[in-house]
Amino acid sequence: MEVITFKKLVKGHAYLVTAVEEVVYRGTPTKLVRIRNPWGEVEWTGAWSNNAREWDSVDSSSRSKLHNRSEDGEFWMSFQDFLREFSRLEICNLTADALEASQVKKWSTSLYQGEWRRGSTAGGCRNYPATFWLNPQFKINVKHPDMVGQDNCTFLVALMQKDRRKQRKEGKDMETIGFAIYEYVGQSGVHLKRDFFLTHGSSARSELFINLREVSSRFRLPAGEYIIVPSTFEPQKEADFVLRVFSEKPTDLEEMDDEIKTDLPKVNYLDESQIDAGFKSLFRQLAGAHTSVISVTELQTILNRIISKHKDLKTDGFTQEACRSMINLMDTDGSGKLGLTEFHVLWEKIKHYLEVFRKYDVDKSGTMSSFELRMALESAGFKLNNHIFQLIILRYTEQDLSINFDDFVTCLVRLETMFSE
Numbered sequence: 001m002e003v004i005t006f007k008k009l010v011k012g013h014a015y016l017v018t019a020v021e022e023v024v025y026r027g028t029p030t031k032l033v034r035i036r037n038p039w040g041e042v043e044w045t046g047a048w049s050n051n052a053r054e055w056d057s058v059d060s061s062s063r064s065k066l067h068n069r070s071e072d073g074e075f076w077m078s079f080q081d082f083l084r085e086f087s088r089l090e091i092c093n094l095t096a097d098a099l100e101a102s103q104v105k106k107w108s109t110s111l112y113q114g115e116w117r118r119g120s121t122a123g124g125c126r127n128y129p130a131t132f133w134l135n136p137q138f139k140i141n142v143k144h145p146d147m148v149g150q151d152n153c154t155f156l157v158a159l160m161q162k163d164r165r166k167q168r169k170e171g172k173d174m175e176t177i178g179f180a181i182y183e184y185v186g187q188s189g190v191h192l193k194r195d196f197f198l199t200h201g202s203s204a205r206s207e208l209f210i211n212l213r214e215v216s217s218r219f220r221l222p223a224g225e226y227i228i229v230p231s232t233f234e235p236q237k238e239a240d241f242v243l244r245v246f247s248e249k250p251t252d253l254e255e256m257d258d259e260i261k262t263d264l265p266k267v268n269y270l271d272e273s274q275i276d277a278g279f280k281s282l283f284r285q286l287a288g289a290h291t292s293v294i295s296v297t298e299l300q301t302i303l304n305r306i307i308s309k310h311k312d313l314k315t316d317g318f319t320q321e322a323c324r325s326m327i328n329l330m331d332t333d334g335s336g337k338l339g340l341t342e343f344h345v346l347w348e349k350i351k352h353y354l355e356v357f358r359k360y361d362v363d364k365s366g367t368m369s370s371f372e373l374r375m376a377l378e379s380a381g382f383k384l385n386n387h388i389f390q391l392i393i394l395r396y397t398e399q400d401l402s403i404n405f406d407d408f409v410t411c412l413v414r415l416e417t418m419f420s421e
């Protein structure tokens, strides 16, 4: 139920400020604010309202210009009453397409749509340095100062979360959102990592993180390149967003995402004579006396027997599907099985993967978090963009967004197979 004050203001209503004026009241300049109730039914009855006595002490020209007695929902009040009665003022900035073609000056607008996703791009705000760097990053190049002889450029950043009003029917409320801006000089096509944000302070940021549909702030910074990092306040909060940058002069806005590429060590197939005698003996023992190759089932048995000895690793064991992927990667003769040299190369790969896994299992939990996974994949030779990383999270991580060693190996094997085709 709406609550109406004794001076006829409706609590919780969003009023509009439509004008500001200054009049001389009893010899003293007085600032007035014109306000409109969009519902047009209830009007302010305090000082400077439609029927207030204050208008009798204003000169006739000002009174005829400003005073309106009709009940249209629009009214005047003093600036002091405005400060006392209202708690928040939001400034609406018109976009370029909202202006008439005859306007002399227009905003230059850059727009980008993005998303925060659990485990991959929802890193939370700067209070979470271990994950903040995973948020989407955008580089803006402001190179045209506002005026000749000056260095500063004015621009406005607006971050809006999409479809939240529609999702409210599903019980989802607005996320708490905001952004930070960092000065940056460097190459494009690189998603900045944690070390950058640990060693660089922000040049500017949104005034606050708040659970509103849109957060916007105006900035005046020296010409140069900057990184805008939009985020939710806490990690692991999902939402789609629109990032817009408005400026008086044209600016360039681009997403800072890694270019997809690999840096894998060259596979070195040794001649059987070069392979250690102990390894040969192990292979013959595993393959059996009557064959010189290992099948999918035998490979699964071998790997699960070995991995079970590593008590520090949490694993469900390699599946036949995972082992078949390994054979597909290493099978050079198309036999569907692994010979001695092929198994030797696979074994060296798995040992390398184990080193990487242990390095990035920072908390020594025996699993790797999704946030640790991105750095581990890059260390293993795979630089991936946000979209592919999101797909990997969906495919290989557990419900708590952790990944076991066997799934980590399977992921790397399939990535290498994909890039080698």
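So in full-length UniProt numbering, the last spot in the sequence shown is 421, and the numbers never skip. Cβ atoms here follow ideal geometry from the backbone N, Cα and C, with glycine treated the same way.
*Nearest CA to the CA of L299: which residue from T332, T315, G336 and S281?*
Residue 299 sits at position 299 when you count from the first residue of the sequence shown. Selected option, being the one with the closest Cα: G336.
*Who are the Cβ neighbours of L338 in its own chain at under 7 Å, not counting the five residues just before and after it?*
In the sequence shown, residue 338 corresponds to position 338, counting from 1. Here the set comprises V293, I294, L299, I327, M330, D331 and L346.
*Sort H344, A376 and E238 by Cα distance to A122 and report the nearest one.*
Against the sequence shown, residue 122 aligns to sequence position 122. Answer by Cα proximity: E238.
*State yes or no: is the C-beta of R244 within less than 8 Å of the C-beta of S110?*
In the sequence shown, residue 244 corresponds to position 244, counting from 1. In the sequence shown, residue 110 corresponds to position 110, counting from 1. In contact: R244 and S110 (Cβ atoms closer than 8 Å).
*Roughly how many angstroms lie between the CA atoms of L264 and R205, to the nearest whole one?*
As a first step, residue 264 is located in the sequence shown; it is residue number 264 there, counting from the start. As a first step, residue 205 is located in the sequence shown; it is residue number 205 there, counting from the start. Looking at the two C-alpha atoms, the distance is approximately 39 Å.
*Would you decide whether W48 is buried or exposed? Buried here means 16 or more other CB atoms lie within 10 Å of its CB.*
Here residue 48 refers to the residue found at position 48 when the sequence shown is read from its first residue. Looking at its Cβ environment, which holds 16 or more other Cβ atoms inside 10 Å, W48 is buried.
_Buried or exposed for L83, going by 16 or more other Cβ atoms inside 10 Å?_
Counted from its first residue, the sequence shown places residue 83 at position 83. The residue in question, L83, is exposed, as its Cβ has fewer than 16 Cβ neighbours within 10 Å.
*Could you please give the first and the last residue of the uninterrupted beta strand (DSSP E) stretch that includes S110?*
Mapped onto the sequence shown, residue 110 falls at position 110. Note, S110: beta strand (DSSP E), S108 to W116.
_E183 - partner residues in DSSP beta bridges_ = Mapped onto the sequence shown, residue 183 falls at position 183. Bridge partners of E183: Y226.
*From residue 444 to A380, what distance separates their C-alpha atoms?*
Residue 444 cannot be examined here, being either before or after the span of the chain that is shown, 1 to 421.
*Span separating the alpha-carbon of V24 from that of T30*: Position 24 of the sequence shown holds residue 24. Position 30 of the sequence shown holds residue 30. In a straight line, the C-alpha of V24 is about 6 Å away from that of T30.
*asked:* Given this structure, state the Cα-to-Cα distance separating E74 from E43, to the nearest angstrom.
replied: Numbered from 1 along the sequence shown, position 74 holds the residue referred to as residue 74. Numbered from 1 along the sequence shown, position 43 holds the residue referred to as residue 43. Taking the straight line from one Cα to the other gives about 7 Å.
_Completely contained beta strand (DSSP E) runs for the UniProt domain "Calpain catalytic" (1 to 95), where each covers 3 or more residues_ = 16 to 25, 28 to 36 and 74 to 78
*DSSP on M368, reduced to helix/strand/coil?*
The count along the sequence shown starts at 1 and reaches residue 368 at position 368. Looking at M368 - three-state DSSP - the assignment turns out to be strand.
*asked:* Judging by CA-CA distance, which residue of S188, L391, Y360 and V3 is the nearest neighbour of F138?
replied: Here residue 138 corresponds to residue number 138 of the sequence shown, with the count starting at 1. The shortest Cα separation from F138 among S188, L391, Y360 and V3 belongs to S188.
*Just the Cα atoms here: how many angstroms apart are E348 and K143?*
Here residue 348 refers to the residue found at position 348 of the sequence shown. Here residue 143 refers to the residue found at position 143 of the sequence shown. Going by the C-alpha atoms only, they are around 51 Å apart.
*In chain order, what residues of the same chain have a beta carbon less than 7 Å from the beta carbon of E234, not counting five sequence neighbours either side?*
Within the sequence shown, numbered from 1, the residue matching residue 234 stands at position 234. These residues qualify, in order along the chain: G124.
*Mind the definition here: the region 274 to 285 touches the region 314 to 326 only if three or more C-beta pairs lie below 8 Å; say whether that holds.*
no
*asked:* Can you tell me whether K383 is helix, strand or coil according to DSSP?
replied: In the sequence shown, the residue the question calls residue 383 occupies position 383. K383 falls in the strand class under three-state DSSP.
*Note down the Cα distance separating S203 from S70, rounded to an integer number of angstroms.*
Here residue 203 refers to the residue found at position 203 when the sequence shown is read from its first residue. Here residue 70 refers to the residue found at position 70 when the sequence shown is read from its first residue. Taking the straight line from one Cα to the other gives about 50 Å.
_What would DSSP say about W260, mapped onto helix, strand or coil?_
As a position in the sequence shown, residue 260 is number 260, starting the count at 1. Residue 260 is actually Ile in this sequence, not Trp. It is coil, neither helix nor strand.
*What residues in its chain sit with their C-beta under 7 Å from that of L313, if we drop five residues either side in the sequence?*
Within the sequence shown, residue 313 is the residue found at index 313, counting from 1. Hits under 7 Å: I307, G366 and F405.
*Please report how far the alpha carbon of F155 lies from the alpha carbon of L192, in whole angstroms.*
Taking the first residue of the sequence shown as 1, we reach residue 155 at position 155. Taking the first residue of the sequence shown as 1, we reach residue 192 at position 192. Their Cα atoms are separated by approximately 23 Å.
*Take V413 and list the residues in its own chain whose beta-carbon comes closer than 7 Å to its own, dropping the five residues that flank it on each side.*
Looking up residue 413 in the sequence shown gives position 413. Within the same chain, V413 has close Cβ partners S325, M326 and L329.
*Report the rounded CA-to-CA distance for V148 versus L159, giving the unit in angstroms.*
As a working note, residue 148 is residue 148 in the sequence shown. As a working note, residue 159 is residue 159 in the sequence shown. The straight-line gap from Cα to Cα measures roughly 30 Å.
*Of the residues Q390, S420 and M256, which one's Cα is nearest the Cα of E225?*
Taking the first residue of the sequence shown as position 1, residue 225 is located at position 225. If we check each option's Cα against that of E225, M256 comes out closest.
*Span separating the alpha-carbon of S78 from that of R218*: Position 78 of the sequence shown, counted from the start, is the residue given in the question as residue 78. Position 218 of the sequence shown, counted from the start, is the residue given in the question as residue 218. Rounded to the nearest angstrom, the two C-alpha atoms are 27 Å apart.
*Keeping to the same chain, check which residues put their C-beta closer than 6 Å to that of N386; ignore five residues upstream and five downstream.*
By one-based count along the sequence shown, residue 386 stands at place 386. Counting only Cβ-Cβ distances below 6 Å, and skipping sequence neighbours, we find T121 and D257.
*Use the C-beta contact count for L391: other C-beta atoms within 10 angstroms, 16 or more gives buried, fewer gives exposed.*
Indexing the sequence shown from 1 puts residue 391 at position 391. So L391 ends up on the exposed side.
*Where DSSP assigns a beta bridge to I140, which residues make up the other side?*
Here residue 140 is taken as the residue at index 140 of the sequence shown, counted from 1. Its beta-bridge partners are Y226 and L253.
*Compute the beta-carbon to beta-carbon distance between F241 and P129, rounded to the nearest angstrom, for a pair I have assumed lies under 8 Å.*
On the sequence shown, residue 241 is found 241 positions in, with the first residue counted as 1. On the sequence shown, residue 129 is found 129 positions in, with the first residue counted as 1. Actually they do not touch by this definition, with Cβ atoms about 21 Å apart.
*asked:* Using C-beta distances below 7 Å, list every residue in its chain close to C411, excluding the 5 sequence neighbours before and after it, in chain order.
replied: For this step, residue 411 is matched to residue 411 along the sequence shown. Hits under 7 Å: I392 and Y396.
*asked:* Just to confirm before moving on: does the CB-CB distance between A19 and P145 stay below 8 Å?
replied: Along the sequence shown, read from residue 1 onward, the residue named residue 19 stands at position 19. Along the sequence shown, read from residue 1 onward, the residue named residue 145 stands at position 145. No, Cβ-Cβ distance for A19 and P145 is not below 8 Å.
*asked:* Residues in the same chain with beta-carbon distance under 8 Å from R165, minus the five sequence neighbours each way, listed in chain order, please.
replied: Here residue 165 refers to the residue found at position 165 of the sequence shown. Excluding sequence positions up to five before and after R165, its CB lies within less than 8 Å of the CB of R213, all in the same chain and listed in chain order.
*asked:* One question on the structure: do residue 490 and T232 come within less than 8 Å of each other, judged by their Cβ atoms?
replied: Because residue 490 is not part of the residues shown, which for the chain are 1 to 421, the question remains open.
_In this structure, how does DSSP classify S216 when only helix, strand and coil are distinguished?_
Indexing the sequence shown from 1 puts residue 216 at position 216. Strand, per DSSP.
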